[in-house]
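Asks: Each residue of the sequence shown is one higher than the one before, starting from 1 at the first, in the UniProt record's numbering. Just dropping this structure here.
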Amino acid sequence: MTPLSRPSRGDARVALLYPGDRAARNRCDPAESRFAALFDAFAAAGIAARPAVYHDDFADEVEAQLHAVDVVLVWCNPIEGGRRRDVLDAMLRRVADAGVHVSAHPDAILALGTKDVLVASRDLPFGSDVHRVDSLAQLESELPQRLLGGARVLKQHRGQSGAGVWRVERDAADSTLLKVRHAQRGSEEERLAWPAFLQRMAPYFEPASGGHMIDQAWQPRLVDGMVRAYLVRDRVGGFGVQAVNALYPATGAEPPPLPGPRLYYGADLASCQGLRASLESGWVELLRERVGLARERLPLLWDCDFLLGEPDAQVERYVLCEINVSSVSPFPPSAIPLIVSAVQAQLAGCKEAASGAR
């Protein structure tokens, strides 16, 4: 098969879509992607998988490729190289409507992968004190009262890598000022007067940025780290543990430490068995029902970030921080066998459906 030829169903039944340029698409080399180990695992299981390197400039070409497979696994951030996912999401919806299983489907991303999920789930066991803010005027009206109870974290509707996530608290030394820090790497704490702060937040209320923000109570135990649970549909495939993450507070006159690495573990990590049991025995189902997502639309790979809340009767409590669905990578190697098994089951379902249609 040449790199630009359309695969037949007998050639490739699975496509892995991820962003790249024309040269990367022409090479069509699984070994140079972030997913080489996953490609190898599919091959070992007898599943023909091919790269579907994507860019808006050749979206029609990628769409033609996807119409010839049964399953496409998608890795593409909400904003990638300055481009939004609008063209890609419209294309993926057409492909899904034609009978190809798309994961994660754009509808699943909207249900799970935006900060709105924090509002939808705020009364569930992993929820917290969260409010939706629909305008700059509402922010100006409501935030001062909430800040009397402690720091808050404002989050834009959709983003990645800490973009549009701000820790805000009153300046104890000057009531006219706020202490503000952006979660993007390299950001420093600032002291802003209310007008300057509101001006800083204004772009997040533009329609292109979702038109609203989410206001979540600061979790003091952030200093104890964050746990990322990697899920393959409703099964835990592994964990990522990060001891120092974005918005880690400063100590005295010292600046806050830089975020540390995320360390990856299998699903059997002893310290996270309580979280695993909660997710697999009910939390995923509660969340799925709450956001109105059909069970078959659960992503083949997604993750949930949890902070530690105040223990309830000596039992560790986890607070949902965000959910990642659009581009979950890297992920622990322990998730790969589960992904392969889930794709095998999906392919079997596709084959059964095709037989029934004949």
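We treat Cβ as the ideally placed atom computed from N, Cα and C, and that holds for glycine.
1) Less than 7 Å between C-beta atoms, sequence neighbours within five positions excluded: which residues of the same chain meet that for W302?
2) Report yes if the CB atom of F126 is closer than 8 Å to the CB atom of G238, and no otherwise.
3) Residue ranges of each beta strand (DSSP E) run of no fewer than 3 residues wholly in the region 65-101, ordered along the chain?
4) Going by the beta-carbon positions, is the gap between L118 and V130 smaller than 8 Å?
5) Excluding the five sequence neighbours on either side, which residues of its own chain have a C-beta within less than 6 Å of the C-beta of P3, listed in chain order?
6) Going by DSSP, what residue range makes up the beta strand (DSSP E) through I214?
7) Identify which residue in R235, P257, L88 has its Cα closest to the Cα of A243.
8) Per DSSP, what kind of secondary structure is G309 in: helix, strand or coil?
9) Can you give me the Cβ contacts of R6 inside the same chain, cut-off strictly under 7 Å, excluding the 5 residues immediately before and after it?
10) Say the cut is 7 Å; is the CB of D268 nearer than that to a heavy atom of the ligand ADP?
11) Suppose the cutoff is 8 Å on Cβ atoms and the five residues either side in sequence are ignored; what does the same chain contact list for V343 look like?
12) Quick check: the region 145-161 against the region 201-214, are at least 3 beta-carbon pairs closer than 8 Å?
13) Would you tell me roughly how many angstroms separate the C-alpha atoms of A183 and E140, rounded to the nearest one?
14) How far does the alpha helix (DSSP H) with N26 in it reach, from first residue to last?
15) What are the residues that DSSP puts in a beta bridge with P51?
16) Pull up the CB-CB distance for A229 and L275, whole angstroms please, since I reckon it's below 8 Å.
17) So who's on the other strand from A229, going by DSSP bridges?
18) Taking 6 Å as the limit between beta carbons, can you name the residues of its chain near W75, skipping five residues before and five after?
Replies: This is what the structure holds:
1) Counting from 1 along the sequence shown, the entry for residue 302 is found at position 302. So the list reads A104, L112, L231, I323, N324, V325, V328, once near-sequence residues are dropped.
2) On the sequence shown, position 126 is the one that residue 126 refers to. On the sequence shown, position 238 is the one that residue 238 refers to. Result no, Cβ atoms of F126 and G238 do not sit closer than 8 Å.
3) 71-74
4) By one-based count along the sequence shown, residue 118 stands at place 118. By one-based count along the sequence shown, residue 130 stands at place 130. Taking 8 Å as the Cβ cut-off, L118 and V130 qualify as a contacting pair.
5) The sequence position of residue 3 within the sequence shown is 3, counting from 1. Low local confidence applies: a pLDDT of 36 at P3 is under 50, so the model's placement there is unreliable, with the coordinate-based value given in what follows. Excluding residues within five positions, the ones whose Cβ falls inside 6 Å are N26, C28.
6) Taking the first residue of the sequence shown as position 1, residue 214 is located at position 214. It spans 213-217 - the beta strand (DSSP E) in which I214 sits, taken as one unbroken run.
7) Numbered from its first residue, the sequence shown carries residue 243 at position 243. With distances taken between Cα atoms, A243 lies closest to P257.
8) Counted from its first residue, the sequence shown places residue 309 at position 309. Reduced to three states, the DSSP call for G309 is strand.
9) Here residue 6 corresponds to residue number 6 of the sequence shown, with the count starting at 1. Confidence is the limiting factor: at R6 the pLDDT is only 35, short of 50, which leaves the residue's position unreliable and the question unanswerable from this model.
10) The ligand content of the structure shown is nil, which means the ligand ADP is not present either.
11) Locating residue 343 in the sequence shown gives position 343, where the first residue counts as 1. Cβ within range, chain order: V14, F42, I47, V71, L73, L300.
12) yes
13) As a position in the sequence shown, residue 183 is number 183, starting the count at 1. As a position in the sequence shown, residue 140 is number 140, starting the count at 1. When rounded, the distance between both Cα atoms is 21 Å.
14) Counting from 1 along the sequence shown, the entry for residue 26 is found at position 26. Start and end: 22-27.
15) Numbered from 1 along the sequence shown, position 51 holds the residue referred to as residue 51. DSSP output for P51 lists L16 as bridge partner(s).
16) Taking the first residue of the sequence shown as position 1, residue 229 is located at position 229. Taking the first residue of the sequence shown as position 1, residue 275 is located at position 275. Their Cβ separation, rounded to whole angstroms, is 6 Å, which keeps A229 and L275 in contact under 8 Å.
17) Within the sequence shown, residue 229 is the residue found at index 229, counting from 1. DSSP output for A229 lists F239, C304 as bridge partner(s).
18) Here residue 75 is taken as the residue at index 75 of the sequence shown, counted from 1. Only Y18, S327, S329 meet the Cβ criterion.
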